[in-house]
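J.: For reference, the structure I am asking about is given below.
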Amino acid sequence: MSLSYHDIEQFIIREARFLDDREWDKWLECYHEDVTYWMPAWDDDDELTEDPQSEISLIYYPNKEGLEDRIYRIKTERSGASSMPEPRTTHFTSNLEILSQSDSEVKLRFNWLTKAYRYKQTAEFFGTSFYTLDITGEQPVIREKRMVLNNDCINQVLDVYHL
Amino acid sequence: MSYNIALNFEDGVTRFVSCNDGETVLDAAYRAQINLPMDCSDGVCGTCKGACHQGDFDMGEEYIDEALSDEEADRGMVLTCQMVPSSDCVVEVPVASTMCKTGNAEVTGTVAEVNLISPTSIELKIAADDDIAFLPGQYVNIQVPDTEETRAYSFSSKPGSRDLSFLIRNVPGGLMSSWLVGKARTGDKVTLTGPMGSFYLRPVERSILMLAGGTGLAPMLAKLEYLKVHGCDQPTHLVYGVSNDDDLVCLDILDRFAAELDNFSYVTVVSGEDSDHPRKGYVTEHMDEAPLNDGDVDVYLCGPPPMVDSVLGFFREQGIEPNSFHYEKFTPSAPAAKENVA
Chain A
131 MSLSYHDIEQ FIIREARFLD DREWDKWLEC YHEDVTYWMP AWDDDDELTE DPQSEISLIY
191 YPNKEGLEDR IYRIKTERSG ASSMPEPRTT HFTSNLEILS QSDSEVKLRF NWLTKAYRYK
251 QTAEFFGTSF YTLDITGEQP VIREKRMVLN NDCINQVLDV YHL
Chain B
103 MSYNIALNFE DGVTRFVSCN DGETVLDAAY RAQINLPMDC SDGVCGTCKG ACHQGDFDMG
163 EEYIDEALSD EEADRGMVLT CQMVPSSDCV VEVPVASTMC KTGNAEVTGT VAEVNLISPT
223 SIELKIAADD DIAFLPGQYV NIQVPDTEET RAYSFSSKPG SRDLSFLIRN VPGGLMSSWL
283 VGKARTGDKV TLTGPMGSFY LRPVERSILM LAGGTGLAPM LAKLEYLKVH GCDQPTHLVY
343 GVSNDDDLVC LDILDRFAAE LDNFSYVTVV SGEDSDHPRK GYVTEHMDEA PLNDGDVDVY
403 LCGPPPMVDS VLGFFREQGI EPNSFHYEKF TPSAPAAKEN VA
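Going down the list, the sequences are from chains A and B. Each step along the first sequence adds one to the number in my numbering, with nothing skipped, and position 54 is 184. Each step along the second sequence adds one to the number in my numbering, with nothing skipped, and position 229 is 331.
Below you can see the structure in the form of structure tokens.
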């Protein structure tokens with residue numbers, strides 16, 4: 131499959147929209163079964179950690195089961211490990227760049243800003259995401275998602291719906 | 103040992119949960135299927151912040167200042183994830199109950215008695231099928247049988263008892279009044295949702311002045327029932343005003359409170375011109391015995407809107423600012439109204 135810049139941009143926008151609209155199952159369909167979902171941490175020297183196996187990460191799931199687990203918790207509304215109610219979020223995505231493209235995959239980066247409103251307070255998170263898309267199927271799916279969170283002072287909750 | 107924790111939500115809903123010894127309010131609520139606000143449950147984030155001005159509890163030493171400052175703690179603010187009660191408590195939760203995946207409790211009961219205790223007042227007694235907890239002074243919505251309408255009435259009965267009573271103004275043509283007077287039979291099923299409202303008795307730490315207009319007496323009776331059980335060591339005075347002699351009800355109950363309850367006294371006032379009652383006019387004209395203490399008094403007022411306004415004006419004119427002033431306005435319901443309280 132060959133994807134145009136527009137196709138790729140539409141994919142990014144759609145994935146974010148599924149989170150804002152709380153279409154959790156459709157959001158999960160954007161991911162490959164073997165996706166790595168990784169948000170490295172900023173270390174004391176202001177450098178990003180590089181190895182999720184030996185260094186600390188803010189979020190790390192080695193496959194889709196971790197994401198499915200999060201969605202299960204959000205949907206059942208009864209979990210000590212998920213905050214309720216999930217906030218109203220608005221995702222903004224921009225600055226999409228295609229880093230490389232082959233017949234089977236696309237590597238890309240884009241900037242994001244998410245505003246989240248809950249309990250009468252607005253939180254915001256922003257940064258850059260790096261995706262590897264698997265484009266061998268009918269729809270592109272995310273094979274790797276590495277998120278760099280620039281405002282990493284997380285007072286309260288940071289969950290998949292913020293990212 | 104367990105304690106009853108009243109969770110008062112921002113939308114007026116109150117839910118009661120049972121909290122075990124050593125258990126946090128957050129955990130107790132969670133067991134009761136109520137998701138209080140929280141993120142870390144570790145005293146770090148402050149998401150679960152609320153307030154508790156009633157009851158004893160321990161907050162421990164584990165939480166951090168960013169989550170709850172000393173100044174906030176001094177003002178009675180709490181973190182429900184750290185708060186371990188050692189008595190019954192009333193906790194204010196600063197979000198709507200729906201945000202916590204909960205809402206009003208629903209309890210069914212049966213009509214035990216309907217008594218026309220005066221031409222203008224009806225006493226309704228209901229035997230609840232289950233326990234229904236409420237704070238003295240709160241109200242419930244009672245569904246008018248065979249309709250979708252509800253009417254709000256304050257409990258006049260003692261908290262903790264399944265024998266509920268209500269004092270209802272007999273509104274000619276009113277939906278509930280018509281049902282009560284014309285159709286209600288002992289044993290009829292009724293549905294109550296609640297409790298609700300913030301017109302409940304606060305900790306008794308200074309003298310109390312209760313001002314009741316008409317069936318606004320009901321929540322005062324519940325408060326007095328509570329004081330009878332828990333003791334009343336502060337001067338407590340009730341001024342009970344009505345429009346006509348016929349409207350004065352429950353005087354036998356008030357006489358009993360006056361005889362049995364230390365520090366309690368009351369007077370009645372009738373505003374109607376035809377009345378030959380010894381105290382005529384409005385409650386504000388008969389405050390001689392009110393323990394105002396230059397403002398060191400907690401005032402509870404339940405009556406129609408003009409009464410609320412005139413009492414507020416009275417305090418302004420006297421230059422007295424009571425320590426606290428709690429009031430509930432009520433009006434007879436128009437057919438579609440739902441939020442009125444009697």
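Cβ coordinates follow ideal geometry from the N, Cα and C atoms, glycine included. Since we're looking at a predicted model, the values are computed, not measured.
How about A171 (chain A) and S184 (chain A): are their beta carbons less than 8 Å apart?
T.: By one-based count along the first sequence, residue 171 (chain A) stands at place 41. By one-based count along the first sequence, residue 184 (chain A) stands at place 54. Remark: C-beta atoms of A171 (chain A) and S184 (chain A) do not approach each other more closely than 8 Å.
J.: Reducing DSSP to helix, strand and coil, say where V273 (chain B) ends up.
T.: Here residue 273 (chain B) is taken as the residue at index 171 of the second sequence, counted from 1. Shown here, V273 (chain B) sits in coil according to DSSP, grouped into three states, outside any helix or strand.
J.: Applying a beta-carbon distance threshold of less than 9 Å, which residues of chain B neighbour N281 (chain A)?
T.: Walking along the first sequence from the start, residue 281 (chain A) turns up at place 151. Residues of chain B passing the Cβ test: none, with the nearest at roughly 16 Å.
J.: At which residue ranges does the segment 127-208 of chain B contain complete beta strand (DSSP E) runs of 3 or more residues, listed in the order of the chain?
T.: 151-156, 179-181 and 191-195
J.: Alpha carbon to alpha carbon, how far is C352 (chain B) from N346 (chain B)? Give it in angstroms, no decimals.
T.: Along the second sequence, read from residue 1 onward, the residue named residue 346 (chain B) stands at position 244. Along the second sequence, read from residue 1 onward, the residue named residue 352 (chain B) stands at position 250. Roughly 14 Å between the two C-alpha positions.
J.: Can you list the alpha helix (DSSP H) stretches of 4 or more residues lying completely in the segment 320-402 of chain B, in chain order?
T.: Correct list: 353-362.
J.: Less than 8 Å between CB atoms is the rule here; does A444 (chain B) satisfy it with respect to chain A?
T.: In the second sequence, the residue the question calls residue 444 (chain B) occupies position 342. Below a pLDDT of 50, predicted positions are generally treated as unreliable, and A444 (chain B), at 45, falls in that range; the measurement from the model is reported next regardless. A444 (chain B) does not count as touching chain A.
J.: Within 10 angstroms of the Cβ of D173 (chain A), are there 16 or more other Cβ atoms? Answer buried if so, exposed if not.
T.: By one-based count along the first sequence, residue 173 (chain A) stands at place 43. Exposed: under 16 other Cβ atoms inside 10 Å.
J.: Let's see if you can read the secondary structure: which residues bound the beta strand (DSSP E) around D264 (chain A)?
T.: Within the first sequence, residue 264 (chain A) is the residue found at index 134, counting from 1. Counting along the chain, the beta strand (DSSP E) containing D264 (chain A) begins and ends at Q251 to D264.
J.: With a threshold of 8 Å between beta carbons, is Q286 (chain A) in contact with chain B?
T.: For the purposes of this step, residue 286 (chain A) is identified with residue 156 of the first sequence, where counting begins at 1. Chain B contact via Cβ: present.
J.: Quick check: what's the CA-CA separation for F111 (chain B) versus E194 (chain B)?
T.: Position 9 of the second sequence, counted from the start, is the residue given in the question as residue 111 (chain B). Position 92 of the second sequence, counted from the start, is the residue given in the question as residue 194 (chain B). Computed Cα separation, rounded: 6 Å.
J.: Which residue's Cα is closest to the Cα of Q140 (chain A): A:C283, A:D181, A:V271 and A:D176?
T.: Residue 140 (chain A) sits at position 10 when you count from the first residue of the first sequence. Of A:C283, A:D181, A:V271 and A:D176, the residue nearest in Cα terms is A:V271.
J.: Suppose you measure from the CA of C142 (chain B) to the CA of G421 (chain B); what does that come to, to the nearest Å?
T.: Locating residue 142 (chain B) in the second sequence gives position 40, counting from the first residue. Locating residue 421 (chain B) in the second sequence gives position 319, counting from the first residue. Near 47 Å, if we compare the C-alpha coordinates of G421 (chain B) and C142 (chain B).
J.: Can you pull the chain B residues whose beta carbon is under 7 Å from the beta carbon of Y202 (chain A), in chain order?
T.: Translated into positions along the first sequence, residue 202 (chain A) becomes position 72. By Cβ distance, chain B contributes nothing, its closest Cβ being about 16 Å from Y202 (chain A), past 7 Å.
J.: Between K325 (chain B) and V341 (chain B), what straight-line distance do the alpha-carbon atoms span, to the nearest angstrom?
T.: Numbered from its first residue, the second sequence carries residue 325 (chain B) at position 223. Numbered from its first residue, the second sequence carries residue 341 (chain B) at position 239. Rounded to whole angstroms, K325 (chain B) to V341 (chain B) spans 14 Å at the Cα level.
J.: Does the CB of V127 (chain B) have a neighbour CB from chain A at under 8 Å?
T.: By 1-based counting over the second sequence, the position of residue 127 (chain B) is 25. No, because no Cβ of chain A sits closer than 8 Å to the Cβ of V127 (chain B).
J.: Using 8 Å as the Cβ pair cut-off and three pairs as the minimum, do the segment 196-215 of chain B and the segment 126-146 of chain B touch?
T.: yes
J.: Skipping 5 residues on each side, what residues in its chain have a beta carbon closer than 7 Å to that of G391 (chain B)?
T.: The residue you call residue 391 (chain B) lines up with position 289 of the second sequence. The sequence given here places Glu at residue 391 (chain B); Gly does not occur at that position. H339, S367 and V369, listed in sequence order.
J.: Do I228 (chain B) and T212 (chain B) have their beta-carbon atoms positioned less than 8 Å apart in this structure?
T.: Working through the second sequence from its first residue, we reach residue 212 (chain B) at position 110. Working through the second sequence from its first residue, we reach residue 228 (chain B) at position 126. Taking 8 Å as the Cβ cut-off, T212 (chain B) and I228 (chain B) qualify as a contacting pair.
J.: Using a Cβ-Cβ cutoff of 7 Å, what residues of the segment 196-207 of chain B are near chain A? List them in chain order.
T.: V197, M201 and K203
J.: Got a sec: is the Cβ-Cβ distance from C183 (chain B) to anything in chain A below 8 Å?
T.: Locating residue 183 (chain B) in the second sequence gives position 81, where the first residue counts as 1. With a threshold of 8 Å between beta carbons, C183 (chain B) makes no contact with chain A.
J.: Please identify, using Cβ separations under 7 Å, the residues of the segment 146-171 of chain B that lie next to chain A, in order along the chain.
T.: C147 and T149
J.: Assuming G145 (chain B) and C191 (chain B) form a contact by the criterion Cβ under 8 Å, report the distance between their Cβ atoms to the nearest whole angstrom.
T.: Working through the second sequence from its first residue, we reach residue 145 (chain B) at position 43. Working through the second sequence from its first residue, we reach residue 191 (chain B) at position 89. About 18 Å separates the two Cβ atoms, so there is no contact after all.
J.: For the segment 285-305 of chain B against the segment 373-385 of chain B, do three or more pairs of beta-carbon atoms, one drawn from each stretch, fall closer than 8 Å, so that the two count as touching?
T.: no
J.: Name the chain A residues whose beta carbon is nearer than 8 Å to that of D113 (chain B)?
T.: Counting from 1 along the second sequence, the entry for residue 113 (chain B) is found at position 11. What D113 (chain B) touches in chain A: nothing, since even the nearest Cβ is about 14 Å away.
J.: Residues of chain E with a CB under 8 Å from the CB of E207 (chain A): which are they?
T.: You won't find chain E in this structure, because its protein chains are A and B.
J.: Within 10 Å of its beta-carbon, does P187 (chain B) have 16 or more other beta-carbons around it, so buried, or fewer, so exposed?
T.: Taking the first residue of the second sequence as 1, we reach residue 187 (chain B) at position 85. P187 (chain B) comes out buried.
J.: Give the residues from the segment 246-278 of chain A that approach chain B closer than 7 Å (Cβ to any Cβ), ordered along the chain.
T.: Y249
J.: Going by the CB atoms, is the gap between P305 (chain B) and S256 (chain B) shorter than 8 Å?
T.: Taking the first residue of the second sequence as position 1, residue 256 (chain B) is located at position 154. Taking the first residue of the second sequence as position 1, residue 305 (chain B) is located at position 203. No, the pair does not count as a contact, with Cβ atoms beyond the cut-off.
J.: Helix, strand or coil: how does DSSP classify F301 (chain B) here?
T.: Mapped onto the second sequence, residue 301 (chain B) falls at position 199. The answer is coil: DSSP assigns F301 (chain B) none of H, G, I, E or B.
J.: Alpha carbon to alpha carbon, how far is A254 (chain B) from T179 (chain A)? Give it in angstroms, no decimals.
T.: Reading the first sequence from its first residue, position 49 is the one you call residue 179 (chain A). Reading the second sequence from its first residue, position 152 is the one you call residue 254 (chain B). If you take the alpha carbons of T179 (chain A) and A254 (chain B), they lie about 60 Å apart.
J.: Please classify R222 (chain A) as buried or exposed, where buried requires at least 16 neighbouring CB atoms within 10 angstroms.
T.: By 1-based counting over the first sequence, the position of residue 222 (chain A) is 92. It is worth fixing the name first, because residue 222 (chain A) is Phe in this sequence and not Arg. F222 (chain A) counts as exposed, since fewer than 16 other beta carbons sit within 10 angstroms of its beta carbon.
J.: Determine which residues share a DSSP beta bridge with D265 (chain B) and list them.
T.: Taking the second sequence and counting its residues from 1, the one referred to as residue 265 (chain B) is at position 163. Bridge partners of D265 (chain B): B:A229.
J.: Near C147 (chain B), what residues of its chain come up, given a Cβ to Cβ distance below 7 Å and the 5 sequence neighbours on each side ignored?
T.: On the second sequence, position 45 is the one that residue 147 (chain B) refers to. Once the five neighbours on either side are set aside, the close Cβ partners of C147 (chain B) are D141 and A169.
J.: In this structure, what does DSSP give as the bridge partners for E235 (chain A)?
T.: Here the question's residue 235 (chain A) lines up with position 105 in the first sequence. Answer is A:D264, bridged to E235 (chain A).
J.: Does the beta-carbon distance from I138 (chain A) to L238 (chain A) come in below 8 Å?
T.: Here residue 138 (chain A) refers to the residue found at position 8 of the first sequence. Here residue 238 (chain A) refers to the residue found at position 108 of the first sequence. Yes, these two residues count as a Cβ contact at 8 Å.
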